[in-house]
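39 is the number of the first residue of the sequence shown in the working numbering; add one for each residue after it. Quick reminder that beta carbons are idealized off the backbone N, C-alpha and C, glycines included. Remember, it's a predicted structure, so these values are computed and weren't measured experimentally.
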Amino acid sequence: MNFWETITGSDLTREWKAFEARAQALPTDYRVAWEEIKGHLYPYSDFTGRNLMPILDSALGLLEETASDEQSIHEVLGDDIEGFCAALAGEERARSHRDRWREQLNRNVARKLGRLGG
39 MNFWETITGS DLTREWKAFE ARAQALPTDY RVAWEEIKGH LYPYSDFTGR NLMPILDSAL
99 GLLEETASDE QSIHEVLGDD IEGFCAALAG EERARSHRDR WREQLNRNVA RKLGRLGG
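Printed below as a string of structure tokens:
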């Protein structure tokens with residue numbers, strides 16, 4: 039990846055199109071689950087979404103592998119796709135928007151309290 043691709047995000051576009059092409063080869067119930075996974079992982083994205091690419095690649099790889107083994111999507115992900123995504127993002131130490139806002143609020147409160155107490 040060169041500097042220009044990083045700045046413009048063309049590498050992400052190319053990678054995203056490859057993900058979607060791979061997802062189209064999945065059975066219907068797996069494609070539906072893929073859409074849900076993307077939606078539930080979105081809050082863990084940074085500004086560019088670059089931090090999610092390895093997570094999405096792993097999730098799609100899991101779907102591809104289990105689809106080839108002819109397992110049902112329920113056997114693979116269970117009933118809680120949102121929990122699956124949170125665990126997947128948590129293993130990668132991805133922070134959600136809520137986590138970032140909480141940290142910012144804590145910093146602001148600490149700064150204000152420091153001014154009042156000092």
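Can you find the residues in the same chain that come closer than 6 Å, C-beta to C-beta, to V114, ignoring five residues on each side of it along the sequence?
T104
Let me check you understand the geometry: is the CB of A56 closer than 6 Å to at least one non-hydrogen atom of the ligand MG?
Looking at this structure, you won't find the ligand MG or any other ligand, since it has none at all.
Ordered along the chain, which non-local residues of its own chain (more than five positions away) have a Cβ less than 7 Å from that of H78?
So the qualifying residues of the chain are I119, E120, C123.
Who are the near neighbours of I75 in its chain, counting only those whose CB is closer than 7 Å to its CB and skipping five residues on each side?
A97, I119, C123
Buried versus exposed call for L143 [16 or more other C-beta atoms within 10 Å across all chains shown]
exposed
Throw me the rounded Cβ distance for the L101 and L126 pair, which I believe falls under 8 Å.
That pair is no contact at about 12 Å.
On the three-state DSSP scale, how would you describe A63?
coil
Which of helix, strand or coil does DSSP assign to D118?
coil
Around the C-beta of Y80, are 16 or more other C-beta atoms found within 10 angstroms, so that it is buried, or is it exposed?
exposed
For E53, which residues from the same chain have a beta carbon less than 7 Å from its beta carbon, with the 5 sequence-adjacent residues on both sides left out?
M91
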